[in-house]
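Undergrad: With the first letter of the sequence shown counted as 1, position 80 gets the number 93 in the working numbering; the numbers rise by one all the way through. Shown below is the structure under consideration.
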Amino acid sequence: MRDEPAPLCGDEPAHFALGRQEFDAGRWWEAHEAWEDAWVAMKARQARPKDILLMQGLIQCAALLYNHRRGTTRGVRTQWAKLQPKLDGYLAAWGVNVLELLELIHPFAMDAEDCTLSQAGLHLPWQGGEEHD
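This is how it looks when you write it as C-alpha cells:
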C-alpha cells in the first residue's frame, strides 16, 4: 500500500507552489529555499513526521540538482542517499508524481562523478501528467 501525505496548511501551499515554479525554471537553490520554508512551517505545526520527511526529500531533490550543476560529486551522492528513503512509499505528493521525480533525478545521481549531464528543460513531474501553472 502506498502512503499519501496530508494536505498542506496555512502558508505551506504558497511556499510549495513557489518552489515548484523555481524548480521548473531550473533555479534549484531557490526551489530548495521555498520548500524549506514549507518544511519549517510543517515542523512548527507538528505535522505528521513522515510528511515532514517527505517535504525534506523534495528539498533534497533540488539540492541534488544544485550540487550537480556545481560539479560537487560528494553533494550529489549524499543527497541521493538521503532523499530515497524519504520519498519511498509515495506515488504522489501534493500533486507531484514522486515516482517520475525519482526517475528524473536518478540519471543525475548516476552522473555524480562527471556532472556533465544537461539539466536543460527539467520540470517537476506532475501527477497524471497534467500541466501546472
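Note that the Cβ used here is the ideal one computed from N, Cα and C, for glycine as well. Please read these numbers as outputs of a predicted model, since none were measured by experiment.
Which whole-angstrom value describes the C-beta separation of Tyr-103 and Trp-41, a residue pair presumed to lie in contact below a C-beta threshold of 8 Å?
TA: The residue given as residue 103 occupies position 90 in the sequence shown. The residue given as residue 41 occupies position 28 in the sequence shown. Rounded, the Cβ-Cβ distance is 21 Å, inconsistent with contact.
Undergrad: Give every residue of the same chain whose Cβ lies closer than 7 Å to the Cβ of Gly-70, excluding the five residues on either side of it in the sequence, and list them in chain order.
TA: Residue mapping note: residue 70 aligns to position 57 of the sequence shown, counting from 1. Same-chain partners within the cutoff: Leu-96, Lys-99 and Leu-100.
Undergrad: Nearest to Glu-49 by CA position, among Leu-117, Gly-32 and Pro-18, is which residue?
TA: By 1-based counting over the sequence shown, the position of residue 49 is 36. Taking only the C-alpha atoms, the option nearest Glu-49 is Gly-32.
Undergrad: Is the beta carbon of Val-109 closer than 7 Å to that of Leu-67?
TA: On the sequence shown, residue 67 is found 54 positions in, with the first residue counted as 1. On the sequence shown, residue 109 is found 96 positions in, with the first residue counted as 1. Going by C-beta atoms, Leu-67 is not nearer than 7 Å to Val-109.
Undergrad: Suppose contacts are defined by Cβ-Cβ distances below 7 Å. Is Ala-75 in contact with Pro-18 by that definition?
TA: Here residue 75 corresponds to residue number 62 of the sequence shown, with the count starting at 1. Here residue 18 corresponds to residue number 5 of the sequence shown, with the count starting at 1. It is not a contact, given that the beta carbons lie outside the stated cut-off.
Undergrad: Taking only the alpha-carbon atoms, compute the straight-line gap between Ala-122 and Thr-86 and give it to the nearest angstrom.
TA: Taking the first residue of the sequence shown as position 1, residue 122 is located at position 109. Taking the first residue of the sequence shown as position 1, residue 86 is located at position 73. Using only the alpha carbons, I get a separation of about 9 Å.
Undergrad: Which of the three DSSP states, helix, strand or coil, is assigned to Trp-107?
TA: Here residue 107 is taken as the residue at index 94 of the sequence shown, counted from 1. Trp-107: coil per DSSP, three-state reduction.
Undergrad: Applying the 10 Å Cβ sphere with the 16-neighbour rule, what's the burial state of Val-111?
TA: As a first step, residue 111 is located in the sequence shown; it is residue number 98 there, counting from the start. Buried is the call here.
Undergrad: Report buried or exposed for Asp-64, applying the criterion of at least 16 other Cβ atoms within 10 angstroms of its Cβ.
TA: On the sequence shown, residue 64 is found 51 positions in, with the first residue counted as 1. Label assigned to Asp-64: buried.
Undergrad: Rounded to a whole number of angstroms, what is the C-alpha to C-alpha distance between His-28 and Ala-57?
TA: Locating residue 28 in the sequence shown gives position 15, where the first residue counts as 1. Locating residue 57 in the sequence shown gives position 44, where the first residue counts as 1. Rounded to whole angstroms, His-28 to Ala-57 spans 15 Å at the Cα level.
Undergrad: Return the chain-ordered list of same chain residues with a C-beta closer than 7 Å to the C-beta of Trp-93, the five sequence neighbours on each side being excluded.
TA: Locating residue 93 in the sequence shown gives position 80, where the first residue counts as 1. So the list reads Leu-77 and Ala-122, once near-sequence residues are dropped.
Undergrad: Which two residues bound the contiguous alpha helix (DSSP H) that contains Ala-30?
TA: Stepping through the sequence shown from its first residue, residue 30 is reached at position 17. Looking at the DSSP string, the run of the alpha helix (DSSP H) that includes Ala-30 is 25-37.
Undergrad: CB-CB under 8 Å to Gly-84, same chain, minus the five flanking residues each way: which ones, in chain order?
TA: Reading the sequence shown from its first residue, position 71 is the one you call residue 84. Same-chain partners within the cutoff: Cys-128.
Undergrad: Of the choices Phe-36, Val-53 and Glu-113, whose alpha-carbon is the least far from that of Asp-24?
TA: Here residue 24 corresponds to residue number 11 of the sequence shown, with the count starting at 1. Per the Cα distances, Val-53.
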